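In the numbering used here, the protein residues as written are 7 to 553.
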């Protein structure tokens with residue numbers, strides 16, 4: 007018994023297929039011989055030769071959902087994935103449970119989703135990553151394709167060669183941050199291994215320019231500060247530039263300073279009369295001074311579509327990601343050497359080593375190639391656009407004769423019903439089997455629409471709850487509470503209630519205020535005013551004079 011169990015654990019589906027193939031092609035004389043060669047039980051080979059399917063291909067008897075219900079879930083998952091919001095395992099299980107509740111069934115078990123994905127070739131599990139919606143909205147061929155046409159037309163208009171095609175962008179660094187990487191650790195430690203980093207979060211900005219041929223101009227670094235320190239310049243190339251800004255970010259003045267730095271290093275070696283400078287839409291590139299300098303010095307600044315630099319900007323496509331990885335490796339090496347504080351003097355040597363390792367001719371050309379610019383190939387970028395945020399327009403009703411198939415919407419259901427009615431009226435020319443098949447298709451389509459409606463109703467319920475929550479938040483009146491001490495939510499609520507109409511210290515809701523009735527300004531009585539008052543009031547001086 008133990009030997010039989012070991013045999014069953016050793017073979018695979020591929021071994022069974024090979025054993026049957028050898029028997030069929032007469033390479034092996036008997037089932038016993040084939041089973042021994044591939045270490046497969048003889049009974050398994052006999053049953054599979056007789057037509058029995060593998061357990062993987064068989065539908066389990068305990069399936070909770072019907073085939074149509076599972077098809078409705080698959081269709082829903084694919085639709086949500088195409089819109090950039092793929093569902094989680096819990097969401098898929100909610101879909102199944104909702105369909106089961108609709109017909110009084112019990113909910114699915116904890117392993118149902120995993121088994122469902124295994125037996126459904128259209129689905130698979132993948133890790134998702136957050137993706138900015140503005141970026142996804144701009145990943146549209148309608149937006150991206152004109153960009154390549156614009157680059158091509160500008161280069162043709164001004165006679166710009168690849169040698170004069172440049173890209174300019176900035177990238178920020180946190181001095182003490184390292185990148186994630188694979189490490190070797192003891193096998194007894196479970197989970198992810200933590201790796202200490204210095205943790206200095208001071209910001210540094212690199213402003214860099216590269217050409218499509220692989221040429222690179224000296225870097226332009228921006229530190230956070232107000233003055234330059236002499237120790238920064240030790241052991242650095244003499245043509246590097248270091249400047250400061252209050253935040254460590256680029257601004258209009260520094261962008262213009264970099265443009266002059268770029269002009270000084272490229273003007274003399276320019277192959278043609280004009281240079282193309284590909285930029286993003288940052289405010290510092292849109293200043294009048296920046297644009298005027300470009301115009302005066304034959305620099306054609308071409309701005310990419312918004313939120314698309316991760317696809318279209320050569321520096322973002324390859325070099326900058328490599329630079330941050332190499333810099334993180336350098337900081338990690340310093341941390342292993344017990345250096346736990348990264349200041350500017352420590353940052354510069356580590357950055358210099360990472361810069362020299364990153365900005366090679368091969369990496370720069372790979373960036374332009376990945377952006378589809380040099381060599382010119384828009385399909386390199388267009389083939390990556392896979393997120394669709396717009397709902398496709400349903401096709402208009404056509405005039406082509408309807409063919410018998412499972413209807414998927416109201417129009418197709420109506421066409422299928424009309425086809426059945428026409429054939430029933432002319433039953434002599436239509437066999438009963440054909441009518442039966444069409445009725446089955448109509449029934450299947452109606453069931454699919456019903457299942458989809460259940461899932462749509464579930465989504466509509468979630469949307470209504472979300473809209474109600476947002477509506478309540480937006481209709482609340484916002485007030486500023488100015489105090490000099492830390493208050494609890496209850497105290498702040500009492501202060502707001504007191505300002506609106508008074509509040510009790512015990513926190514109970516105050517009674518509704520009733521407006522007091524107006525009184526006469528002369529006699530203070532209710533029911534009239536001072537103009538209609540019949541009470542005459544004499545001044546003290548006039549009464550004394552009358553006496």
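Note that CB positions come from ideal geometry on N, CA and C, so glycine has one too. A quick note: this is a predicted structure, and the numbers were derived from the prediction, not measured.
Going along the chain, which residues of its own chain have a beta-carbon closer than 7 angstroms to the beta-carbon of residue i, five neighbours each way excluded?
i: residue 321; result: 173, 175, 214, 216, 373
i: residue 278; result: 165, 166, 167, 170
i: residue 220; result: 367, 370, 371
i: residue 181; result: 206, 208, 210, 348, 353
i: residue 95; result: 119
I need the straight-line Cα distance from residue i to residue j, nearest angstrom please.
i: residue 364; j: residue 470; result: 51 angstroms
i: residue 380; j: residue 19; result: 48 angstroms
i: residue 57; j: residue 48; result: 15 angstroms
i: residue 91; j: residue 522; result: 58 angstroms
i: residue 75; j: residue 97; result: 15 angstroms
i: residue 133; j: residue 325; result: 25 angstroms
i: residue 330; j: residue 157; result: 29 angstroms
i: residue 497; j: residue 298; result: 58 angstroms
i: residue 127; j: residue 77; result: 12 angstroms
i: residue 318; j: residue 310; result: 7 angstroms
i: residue 509; j: residue 102; result: Legend: pLDDT at residue 509 = 45, less than 50; position of this residue unreliable, value from coordinates given subsequently. The alpha-carbon atoms of residue 509 and residue 102 are separated by roughly 50 angstroms.
i: residue 535; j: residue 475; result: 49 angstroms
i: residue 238; j: residue 355; result: 10 angstroms
i: residue 558; j: residue 178; result: Because the chain in this structure spans residues 7 to 553, residue 558 falls outside the shown range and cannot be described.
i: residue 59; j: residue 73; result: 19 angstroms
i: residue 452; j: residue 284; result: 55 angstroms
i: residue 32; j: residue 55; result: 14 angstroms
i: residue 340; j: residue 270; result: 36 angstroms
i: residue 222; j: residue 382; result: 20 angstroms
i: residue 312; j: residue 149; result: 10 angstroms
i: residue 294; j: residue 254; result: 22 angstroms
i: residue 447; j: residue 109; result: 21 angstroms
i: residue 50; j: residue 456; result: 42 angstroms
i: residue 234; j: residue 472; result: 52 angstroms
Look at the Cβ atom of residue i, then the Cβ atom of residue j, and state whether they are nearer than 8 angstroms.
i: residue 37; j: residue 52; result: yes
i: residue 286; j: residue 315; result: yes
i: residue 267; j: residue 296; result: no
i: residue 104; j: residue 460; result: yes
i: residue 265; j: residue 228; result: no
i: residue 151; j: residue 388; result: yes
i: residue 232; j: residue 250; result: yes
i: residue 111; j: residue 82; result: no
i: residue 525; j: residue 531; result: yes
i: residue 258; j: residue 280; result: no
i: residue 93; j: residue 86; result: yes
i: residue 230; j: residue 252; result: yes
Helix, strand or coil for residue i per DSSP?
i: residue 51; result: helix
i: residue 272; result: helix
i: residue 249; result: strand
i: residue 189; result: Its pLDDT being 45, under 50, residue 189 is placed unreliably in this model, and the value from its coordinates should be taken loosely. DSSP places residue 189 in coil when its eight states are reduced to three.
i: residue 257; result: coil
i: residue 536; result: coil
i: residue 133; result: coil
i: residue 362; result: helix
i: residue 37; result: helix
i: residue 451; result: helix
i: residue 523; result: coil
i: residue 529; result: coil
i: residue 180; result: strand
i: residue 460; result: helix
i: residue 202; result: At residue 202 the pLDDT is 47, less than 50, meaning the model places this residue with poor confidence; the figure from the coordinates comes in the next sentence. Three-state DSSP puts residue 202 in coil, outside helix and strand.
i: residue 281; result: strand
i: residue 26; result: helix
i: residue 217; result: strand
Leaving out five residues before and five after residue i in sequence, what residues of the same chain have Cβ atoms less than 6 angstroms from its Cβ?
i: residue 245; result: 224
i: residue 323; result: 373, 376, 377
i: residue 154; result: 384
i: residue 335; result: none
i: residue 276; result: 170
Assuming residue i and residue j form a contact by the criterion Cβ under 8 angstroms, report the distance between their Cβ atoms to the nearest whole angstrom.
i: residue 46; j: residue 21; result: 5 angstroms
i: residue 129; j: residue 80; result: 6 angstroms
i: residue 358; j: residue 242; result: 7 angstroms
i: residue 391; j: residue 146; result: 7 angstroms
i: residue 290; j: residue 256; result: 5 angstroms
Leaving out five residues on either side along the sequence, give the residues of the same chain with a beta carbon under 8 angstroms from the beta carbon of residue i.
i: residue 160; result: 166, 282, 306, 308
Under 8 angstroms, Cβ to Cβ, is there at least one residue of chain D near residue i?
i: residue 76; result: No chain D is present in this structure, which holds just one protein chain.
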